[in-house]
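Mind the numbering: the sequence shown is residues 25 to 149 in the working numbering, read in order. Don't be surprised by glycine CBs; every beta carbon is placed ideally from N, CA and C. Note that the coordinates shown come from a computational prediction; the quantities given were computed from them, not determined experimentally. Have a look at the structure below before the remarks.
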Amino acid sequence: MTARLIIQLAALLGGLGVAIGAFGAHGLRKMLEASNRFDTFETAVRYQFYHALALLAVGILLAFRPDLKALSTTAWLWLGGVLIFSGSLYTLCFTGITKLGAVAPIGGLLLIAGWISLLLAARQV
Numbered sequence: 025m026t027a028r029l030i031i032q033l034a035a036l037l038g039g040l041g042v043a044i045g046a047f048g049a050h051g052l053r054k055m056l057e058a059s060n061r062f063d064t065f066e067t068a069v070r071y072q073f074y075h076a077l078a079l080l081a082v083g084i085l086l087a088f089r090p091d092l093k094a095l096s097t098t099a100w101l102w103l104g105g106v107l108i109f110s111g112s113l114y115t116l117c118f119t120g121i122t123k124l125g126a127v128a129p130i131g132g133l134l135l136i137a138g139w140i141s142l143l144l145a146a147r148q149v
């Protein structure tokens, strides 16, 4: 994954985080509170934002240090983690399918693996 693509994905995840968060806070708040899922929704948005910012930092670092190929692995792990973790929580909030809660830990493991990947990549800095 290139630095440019990572930065673009960070921008996409960040922009979608703003849009999804605003939609949930303003347009869906009553529905999310009625289903007791507002906290779950906020968690999904928060983790999406954390990792959008982290992806941005990784993309910038990779732009300056293209020799740090392991950062590409970090980016893939975080992207997959956000899609699975936040995506499963969003889907749970909107559909009420509680079995989707069992998928979120897989995304969480990918997010953790991404941080470990970053730790390993930092040994080369």
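In this structure the stretch 99-113 touches the stretch 133-147; the number of beta carbon pairs closer than 8 Å is three or more.
Taking 9 Å as the cut-off, the Cβ atoms of Leu37 and Ala81 do not count as close. Rounded to whole angstroms, the separation of the alpha carbons of Tyr74 and Leu134 is 14 Å. Just so you know, the alpha carbons of Ser59 and Ile130 end up roughly 24 Å apart. Boundaries of the alpha helix (DSSP H) harbouring Arg70: 62-88, taken from the DSSP string. DSSP, read as helix, strand or coil, puts Met55 in helix. One Cα belongs to Gly39, the other to Arg147, and the distance between them is close to 31 Å. By the Cβ neighbour-count rule, Ala68 is buried, with 16 or more other Cβ atoms within 10 Å of its own. Between Ile108 and Ile31, the gap from beta carbon to beta carbon reaches 9 Å or more. About 4 Å separates the beta carbon of Ala27 from that of Ala87, a gap short enough to meet the 8 Å contact definition. Here Gly125 has Leu116 as same chain residues with Cβ atoms under 7 Å from its own Cβ, once five neighbours each way along the sequence are excluded.
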